[in-house]
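Working notes, structure below.
Residue numbers (our numbering): 3 to 325.
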């Protein structure tokens, strides 16, 4: 849809929408650049405070995924004003603000509109070292792929909406979605330059979709060991009745670029395509730096799980192999 757009050339633009990256990057001077993103969505949980937290964590995540540090935010919101109690709107904003404070981000203002359904999120601006921008396109053959959060939030959130998610399962998923990606981002930024080659956060395209995007942008293939992919507690049991339409769309869209072994269960395949909200970071690390990266993440309280590796392209029609 955007392929016919011709933005004016500007050498200061380091990253834009054309590489399917998480945020745009604009060089400010030789040593600094701005990183900018915007994200908002309808409620995926019932509790308004938790919804605000998740929306904020999700919006901030794009800056973390690029290797940046978020600085300021503008709220973007739509509400059916005549149908909502004022306390609901206040709780959403308070939830979001709690996460902005945790991230050290200043809320400068925002924009609200009257809408038929609730929508909430933020436009976030951060700073980044122009020489250490992490994009989709940096994956190299031989790199290890690390994932910093379990997947399954889409399926659990659907079950929550239908009041069919066990309390503990729902609480665990909400806690995961409300957790900032600040800790892994800070840990990875502290590694020596050149050891982390690429990064993205797992969101609407699901794990397989984001791996496909990274592989395609980088011109390499990827092998994923499905048995190592961390799953949210209770997510597998909910797959049958709570598969999302987005997951089916992801499977159709990315299926032609993916080869899945016959021994991978259909439930697991559904989770691999499941759209995530405020998912973890997918990080490409040089094989020689893998142990150091995992240790740095662990020291930051993050379980970085190795789920696969980048390989030379064997078949351009199937960039991602899942066993």
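Cβ coordinates follow ideal geometry from the N, Cα and C atoms, glycine included.
Following the DSSP letters along the chain, one finds residue 146 inside the beta strand (DSSP E) bounded by residues 146-149. Linking residue 190 to residue 302 through their CA atoms gives a straight-line distance of about 10 Å. DSSP places residue 181 outside both helix and strand once states are collapsed to three, so it counts as coil.
Residue 39 places its beta carbon less than 9 Å from that of residue 25.
Looking at the DSSP output, residue 251 sits in no beta bridge, so it has no partner there. Judged by pairs of C-beta atoms under 8 Å, the segment 272-286 touches the segment 199-215, as three or more such pairs exist. Residue burial is scored here from C-beta neighbours: residue 169 has fewer than 16 other C-beta atoms within 10 angstroms and is therefore classed as exposed.
Within the DSSP bridge table, the entry for residue 46 names no partner. Below 8 Å, too few C-beta pairs join the segment 70-81 and the segment 146-165 to call them touching: fewer than three. Less than 9 Å separates the beta-carbon of residue 200 from that of residue 285. Our two residues, residue 163 and residue 49, have alpha carbons roughly 11 Å apart in a direct line.
Residue 83 sits exposed, since fewer than 16 C-beta atoms from the chains shown fall within 10 Å of its C-beta. Cα atoms of residue 18 and residue 27: separation of roughly 7 Å, rounded to the nearest angstrom.
Residue 26 carries a strand assignment under DSSP once its states are collapsed to helix, strand and coil. Residue state for residue 227 is assigned as coil, using DSSP reduced to three classes. Of the residues 80, 55 and 100, the one whose Cα lies closest to the Cα of residue 176 is 55. The criterion of a C-beta distance shorter than 9 Å is satisfied by residue 236 and residue 158. The beta carbons of residue 150 and residue 306 sit closer together than 9 Å. With a cutoff of 9 Å on beta-carbon distance, residue 53 and residue 186 are scored as not near each other. Non-local beta-carbon contacts of residue 217 in its own chain, meaning distances under 7 Å to residues more than five positions away in sequence, involve 141, 223, 224, 321 and 322 in chain order. Between residue 58 and residue 115, the CB-CB gap reaches or exceeds 9 Å.
For residue 299, the closest C-alpha among the options 94, 188 and 145 is that of 188. Shown here, residue 187 sits in a helix according to DSSP, grouped into three states. Separation of residue 289 and residue 146 (C-alpha to C-alpha, rounded to the nearest whole angstrom) is 6 Å. Counting along the chain, the unbroken beta strand (DSSP E) around residue 114 starts and ends at 108-116.
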